[in-house]
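Heads up: the sequence shown runs through residues -24 to -1, 1 to 220, numbered per mature numbering (1 follows the signal peptide of the UniProt record, and there is no 0). No residue lacks a Cβ here, since even glycine has one placed at the ideal position from N, Cα and C.
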Amino acid sequence: MINQLSFWKKCVIAAVLPLSAAHAEIVIHGTRVIYPSDAREITLQVSNSGEKPSLVQAWIDNGDAQSTPDQSKVPFMITPPISRVDPNKGQSLRITALPKAAQLSQTQETLYWLNVLDIPPKPTSKNQKAEDSDNFLQLAIRSRIKFFYRPSGIKENVEQAPEKLQWKIQDNSIEVKNPTPFHITLTSVLQQQGTQRIDVLPEGLMLKPFSSEKIILKTANSQKMTFTTINDFGGRIEYSIKPL
């Protein structure tokens, strides 16, 4: 049995690095994972776009980006948790809900995060001494995407959720309310300023179910405002804002 903790002790993990500084060879096929509550299991594909084999470690956390696989206490299991993926090959990760998943809310989505750690092969050198074989620096890159547990009992259509957002102007800000049981990710909110469209939400925002957030505007002009969301398939869709 492979000791999972040994990987963490011998690797420098680049959880948040610009693509110019670190490039993951392991590619996740998808930008988010949806787990319907009535599914026995779902499958996520990963592939190796590099020229060398990689070791892949996958786990789910409840929002703590610093947590490690052995600290994960979520009601889901990934099989295999650790696997070798050869160059230009793929690996299917099976995700299964444990019995405790039945205790999650059945009236709204629950958000988790799925982690995929790309561990490159151990560096080798003809001049390396045997006693130094365990002393090396290894850069492992972690990818982290959203994992939504979606109750099958929800009758509302997730595709129509963005259109149900309620917008209200308040002085130099606009409040957005999410009256739906779904998480809605806003990637931008564009406001017309002269001949330009200014993004007043450059860092994006995720609205939790039945929550509201306030966004600071650049000007008092609330005409011709739009927002962009991400759907289940990773596509971006733009909508017009119609303040109440």
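Exercise. Note down the Cα distance separating TYR11 from ASP37, rounded to an integer number of angstroms.
Key: Looking at the two C-alpha atoms, the distance is approximately 14 Å.
Practice problem: Give the DSSP-derived three-state secondary structure of ALA116 in the structure shown. | Solution: Assignment of ALA116 by DSSP, reduced to helix, strand and coil, places it in the strand class.
Quiz item: From LEU141, LEU166, TYR125, LEU183, pick the residue whose C-alpha is nearest to that of LEU220; which is it?
Solution: Taking the Cα of LEU220 as reference, the smallest distance to any Cα among LEU141, LEU166, TYR125, LEU183 is reached at LEU141.
Exercise. Can you grab the Cα-Cα spacing for the pair ASP40 / PRO75, in whole Å?
Key: Approximately 22 Å between the Cα atoms of the pair.
Practice problem: Would you tell me roughly how many angstroms separate the C-alpha atoms of ALA116 and ILE95, rounded to the nearest one? | Solution: Our two residues, ALA116 and ILE95, have alpha carbons roughly 5 Å apart in a direct line.
Exercise. Spell out a yes or no on whether the stretch 169 to 178 and the stretch 122 to 138 are touching, meaning 3 or more CB-CB pairs, one atom from each, closer than 8 Å.
Key: Two segments are said to touch when three or more pairs of C-beta atoms, one from each, lie closer than 8 Å; by this definition the stretch 169 to 178 does not touch the stretch 122 to 138.
Quiz item: For GLU132, which residues from the same chain have a beta carbon less than 7 Å from its beta carbon, with the 5 sequence-adjacent residues on both sides left out?
Solution: Result list for GLU132: THR156, PRO157, in chain order.
Quiz item: What is the DSSP secondary structure of ASP46, counted as helix, strand or coil?
Solution: When DSSP states are grouped into helix, strand and coil, ASP46 belongs to the helix group.
Quiz prompt | Limits of the unbroken beta strand (DSSP E) element including PRO56 | solution = Element bounds for PRO56: n/a, residue is neither H nor E.
Self-check item: Sequence-distant residues of the same chain with beta carbon closer than 8 Å to ARG212, five excluded per side
Solution: If we look at ARG212 and ignore the five residues flanking it on each side, its Cβ neighbours are THR163, THR204, THR205, ILE206.
Quiz item: Terminal residues of the continuous beta strand (DSSP E) containing LYS194?
Solution: Neither: LYS194 is in no beta strand (DSSP E) and is coded neither H nor E.
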